[in-house]
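> The structure that follows is given in the form of structure tokens.
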Amino acid sequence: MHRHDNKNDDINKTINTLNEEASVSIQIKDEENQFHNALEALTNFVPFAPLIDRFIKLGKDIITLYQEAEYNKRLCSYFTRRVNLVVGFIKNLEIRRQDCLEFFVEQTNLQLIKDFIKCMLDVRKFITNVSQSGSFGK
């Protein structure tokens, strides 16, 4: 009977060892997948990064223009509120880039942000003009 118990103990130890090795293997595979996803997110994000930085800087410029506006404050405020919403969306994309892999894979989204920057440049120019002029025609 004692010999049978030793055999069962050996089998149980072997099973426990195999379970532990399987668990470690699964954990390593999960970490490899997380690393791969992070690397993919970073690689896809690279062309977007300077555009996002530019976009956020334009948003800050527009806020500064609003704060310093001498004229047409209500109109400047209207545009500034919309700019803040869009800048918040872009910041959220930047923060959650690993969760938004599909967004950064699409080249059309890269062009969309480039076009958005052009729009922000137009808004900045418009606010610059109306915030320093007593009328729109100047």
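In this text, residue positions in the sequence shown follow my numbering: the first is 942, and each later residue adds one.
Glycine is no exception: its CB is placed at the ideal position from the N, C-alpha and C atoms.
Quick caveat: nothing in here was measured; it's all calculated off a predicted structure.
Answer with yes or no whether the minimum CB distance from Phe1067 to chain C is below 8 Å.
The displayed structure is made up of one protein chain only, and chain C is not part of it.
> In or out: Cys1060 buried (at least 16 other Cβ within 10 Å) or exposed?
Counting Cβ neighbours within 10 Å, Cys1060 comes out exposed, since fewer than 16 surround it.
> Using CA coordinates, which residue listed in Asn1050, Lys1066, Gln1039, Gly1029 is at the minimum distance from Asp1002?
Looking at the Cα atoms, Lys1066 is the closest of the given residues.
> Could you work out which residue in Lys1055, Ile993, Lys954, Asn1013 is closest to Ile1031 when comparing CA atoms only?
Ranking the options by Cα distance to Ile1031, first place goes to Ile993.
> Note down the Cα distance separating Asn957 from Asp971, rounded to an integer number of angstroms.
The alpha-carbon atoms of Asn957 and Asp971 are separated by roughly 21 Å.
> What's the call for Asn1033, buried or exposed, on a 16-neighbour Cβ count within 10 Å?
Classification of Asn1033: exposed, given that the 10 Å Cβ count is below 16.
> What are the boundary residues of the alpha helix (DSSP H) that includes Asp886?
Since the displayed the chain opens at 942 and closes at 1079, residue 886 lies outside it and no answer follows.
> Since Ile1068 contacts Leu1006 with CB under 8 Å, what's their CB separation in whole angstroms?
Indeed, because the Cβ distance is near 5 Å, the residues count as touching under 8 Å.
> Measuring CA to CA, which of Leu1062, Phe1044, Val1028 is closest to Pro988?
Taking only the C-alpha atoms, the option nearest Pro988 is Phe1044.
> Looking at Arg1038: is its Cβ nearer than 8 Å to the Cβ of Phe986?
Cβ atoms of Arg1038 and Phe986: closer than 8 Å.
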